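S.K.: Quick one: structure below, then a few questions.
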Amino acid sequence: MNTVEDFFAQHDDWPWNPAHPGRATFHYLIAVTEGELRHDVDYVTRTVGPGQWLWVRPGHAQRWHPPDGARGPFILFEPDVLRPDLTRLLAPLTAHEAPAVLSPHPEDTAWLQQTALQLLDEHRALGRRPLGLHHALRCSLLESLLLRLANSAGIAPIGSGTAGTGRADRYGRFLDALELQFRELHQAADYAELLGCSVRTLSRAARNATGKTVRELIDERRLLEARRLLGSARWDARTVAAHLGFTDPANFGRFFRDRTGLTPAAFAAGEATIAPTSLPG
Numbered sequence: 003m004n005t006v007e008d009f010f011a012q013h014d015d016w017p018w019n020p021a022h023p024g025r026a027t028f029h030y031l032i033a034v035t036e037g038e039l040r041h042d043v044d045y046v047t048r049t050v051g052p053g054q055w056l057w058v059r060p061g062h063a064q065r066w067h068p069p070d071g072a073r074g075p076f077i078l079f080e081p082d083v084l085r086p087d088l089t090r091l092l093a094p095l096t097a098h099e100a101p102a103v104l105s106p107h108p109e110d111t112a113w114l115q116q117t118a119l120q121l122l123d124e125h126r127a128l129g130r131r132p133l134g135l136h137h138a139l140r141c142s143l144l145e146s147l148l149l150r151l152a153n154s155a156g157i158a159p160i161g162s163g164t165a166g167t168g169r170a171d172r173y174g175r176f177l178d179a180l181e182l183q184f185r186e187l188h189q190a191a192d193y194a195e196l197l198g199c200s201v202r203t204l205s206r207a208a209r210n211a212t213g214k215t216v217r218e219l220i221d222e223r224r225l226l227e228a229r230r231l232l233g234s235a236r237w238d239a240r241t242v243a244a245h246l247g248f249t250d251p252a253n254f255g256r257f258f259r260d261r262t263g264l265t266p267a268a269f270a271a272g273e274a275t276i277a278p279t280s281l282p283g
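Shown next as structure tokens:
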């Protein structure tokens, strides 16, 4: 637990000089109270302004930008710190495909920021209270913060456009299955069989939720993992191909080049040749 400004001050030459991608192993949760924060999450540059939150989940590739006057609480926590019942309630925002930038309703902004500052204060109070009490207070504050953030009126749950329908549930189940099986299962029929529905039914659910086909979503997930492994993890192309279920490295090379315009080796040799896509916060 820290503040953005203190974090930058303590690491004036790392990890943004030079900026290298890395893969998150913790949850990174940053509230911006002043200024503007720019941060790459899975090779897309996100811009986070006052009142907004950046949430980088474990497994995501991230790259820091040089400090630019951003201020606010900076929370790091491990996935297993959350109780199972809380994990279920927070599933829409801890999911792999959840948005990186959150914009809570203005009515919730002050409460969220104040709770984050109370959590920071308790973190810095180590030694002033019995350790068990100190730990319990920190967990309680973090849980309250996450639940309020996840349920702010400004935060739209994934699939909320069709919430409450079997179709939305089916798409959510597909996403869960895809996250677990994208290395082994690569066809729409594989997932339809796994979910106990027809390919047509699954395709309709995916199209209604995203405007994309099931195959496009499968390929996007495989491509993202390939970029993460080639970039932040520094795996070689042959190893990545095998990990993602390609029987022939040449097929993986064509798959990657057709979608990025670069060979896996060229991408790995210099990510600077790919300008991150900027998205507004």
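Going by my numbering, the sequence shown opens with residue 3, and the numbers climb by one from there. Idealized CB from N, CA, C, for every residue including glycine. Note that the structure is predicted; figures quoted are calculated from it, not measured.
Throw me the rounded Cβ distance for the GLY53 and THR111 pair, which I believe falls under 8 angstroms.
M.R.: Here residue 53 refers to the residue found at position 51 when the sequence shown is read from its first residue. Here residue 111 refers to the residue found at position 109 when the sequence shown is read from its first residue. About 5 angstroms; that satisfies the 8 angstroms criterion.
S.K.: For VAL34, does the three-state DSSP call read helix, strand or coil?
M.R.: On the sequence shown, residue 34 is found 32 positions in, with the first residue counted as 1. VAL34 falls in the coil class under three-state DSSP.
S.K.: List the endpoints of the continuous alpha helix (DSSP H) containing GLN12.
M.R.: The count along the sequence shown starts at 1 and reaches residue 12 at position 10. Here the alpha helix (DSSP H) through GLN12 covers 6–12.
S.K.: Taking the alpha carbon of ARG223 as the point to measure from, which residue in LEU197, SER154, PHE258 has its own alpha carbon closest?
M.R.: Working through the sequence shown from its first residue, we reach residue 223 at position 221. Nearest C-alpha to ARG223: PHE258.
S.K.: Spatial neighbours of GLU218 within its chain, please: CB distance less than 6 angstroms, with the 5 preceding and 5 following residues excluded, ordered by chain position.
M.R.: Start at 1 with the first residue of the sequence shown, and residue 218 comes out as number 216. If we look at GLU218 and ignore the five residues flanking it on each side, it has no Cβ neighbours.
S.K.: Taking 8 angstroms as the threshold (C-beta atoms), are PRO101 and PRO81 in contact?
M.R.: Here residue 81 refers to the residue found at position 79 of the sequence shown. Here residue 101 refers to the residue found at position 99 of the sequence shown. Cβ distance not < 8 angstroms, so PRO81 and PRO101 don't count as in contact.
S.K.: Figure out for me which residue from GLN120, GLN12, CYS141, LEU151 has the closest Cα to the Cα of GLU109.
M.R.: Against the sequence shown, residue 109 aligns to sequence position 107. Answer by Cα proximity: LEU151.
S.K.: Is DSSP giving ALA268 helix, strand or coil here?
M.R.: What you label residue 268 is simply residue 266 of the sequence shown in a count that begins at 1. Under the three-state reduction of DSSP output, ALA268 falls in the helix class.
S.K.: Going residue by residue through the region 58–120, where are the continuous beta strand (DSSP E) segments of at least 3 residues, counting only ones entirely within it?
M.R.: 63–66, 75–79
S.K.: Under DSSP, the alpha helix (DSSP H) around HIS137 begins and ends at which residues?
M.R.: Residue mapping note: residue 137 aligns to position 135 of the sequence shown, counting from 1. 133–152 is the span of the alpha helix (DSSP H), which, as asked, contains HIS137.
S.K.: Look up LEU39 in the DSSP assignment and give the residues it is bridged to.
M.R.: Counted from its first residue, the sequence shown places residue 39 at position 37. Beta-bridge pairing links LEU39 to VAL50.
S.K.: Tell whether a beta-carbon distance below 8 angstroms holds between THR5 and ARG48.
M.R.: If you number the sequence shown from 1, residue 5 lands on position 3. If you number the sequence shown from 1, residue 48 lands on position 46. Taking a C-beta distance under 8 angstroms as the contact criterion, THR5 and ARG48 do not qualify as a contact pair.
S.K.: Looking at C-alpha atoms only, which residue of THR265, HIS13, ASP8 is the closest neighbour of PHE76?
M.R.: Within the sequence shown, numbered from 1, the residue matching residue 76 stands at position 74. PHE76 has its Cα closest to that of ASP8, out of THR265, HIS13, ASP8.
S.K.: Considering only their Cβ atoms, is the gap separating LEU196 from ARG286 smaller than 8 angstroms?
M.R.: In the structure as shown, the chain starts at 3 and stops at 283, and residue 286 therefore has no counterpart that could be examined.
S.K.: Are there 16 or more other CB atoms within 10 angstroms of the CB of SER234, so buried, or fewer, so exposed?
M.R.: Locating residue 234 in the sequence shown gives position 232, counting from the first residue. When all chains shown are included, SER234 counts as buried.
S.K.: Just curious, the alpha helix (DSSP H) that PHE184 is in, first and last residue?
M.R.: Counting from one through the sequence shown, the residue named residue 184 turns up at place 182. Counting along the chain, PHE184 falls outside any alpha helix (DSSP H), and DSSP gives it neither H nor E.
S.K.: Out of PRO23, GLU181, CYS199, ARG175, point me to the one whose CA is closest to ARG229's CA.
M.R.: Here the question's residue 229 lines up with position 227 in the sequence shown. Checked all of PRO23, GLU181, CYS199, ARG175; the closest Cα to ARG229 is PRO23.
S.K.: Are the beta-carbon atoms belonging to SER200 and ALA194 less than 8 angstroms from one another?
M.R.: As a working mapping, residue 200 is identified with position 198 in the sequence shown. As a working mapping, residue 194 is identified with position 192 in the sequence shown. For SER200 and ALA194, yes; Cβs fall inside 8 angstroms.
S.K.: Would you be able to state if there are at least three C-beta pairs under 8 angstroms between the region 33–49 and the region 112–122?
M.R.: Counting Cβ pairs under 8 angstroms, three or more are found: they touch.
S.K.: Which residues share a DSSP beta bridge with ASN25?
M.R.: Sequence index remark: in the sequence shown, residue 25 carries index 23 (1-based). Before going on, a small fix: residue 25 reads as Arg here, not Asn. Answer by DSSP bridge pairing, in chain order: ALA63.
S.K.: Starting from SER234, trace the alpha helix (DSSP H) both ways and give me its first and last residue.
M.R.: For the purposes of this step, residue 234 is taken as the residue at position 232 of the sequence shown. First-last for SER234: undefined, no H or E at that position.
S.K.: From the DSSP output, in three-state form, read off LEU128 for me.
M.R.: Residue mapping note: residue 128 aligns to position 126 of the sequence shown, counting from 1. Reduced to three states, the DSSP call for LEU128 is coil.
S.K.: Going by the beta-carbon positions, is the gap between GLY135 and LEU121 smaller than 8 angstroms?
M.R.: Within the sequence shown, residue 135 is the residue found at index 133, counting from 1. Within the sequence shown, residue 121 is the residue found at index 119, counting from 1. According to the sequence displayed, residue 135 carries Leu and not Gly. No, the pair does not count as a contact, with Cβ atoms beyond the cut-off.
S.K.: Report the option in LEU39, ARG131, GLU124, GLY129 whose CA atom is closest to the CA atom of ARG65.
M.R.: Taking the first residue of the sequence shown as position 1, residue 65 is located at position 63. The shortest Cα separation from ARG65 among LEU39, ARG131, GLU124, GLY129 belongs to LEU39.
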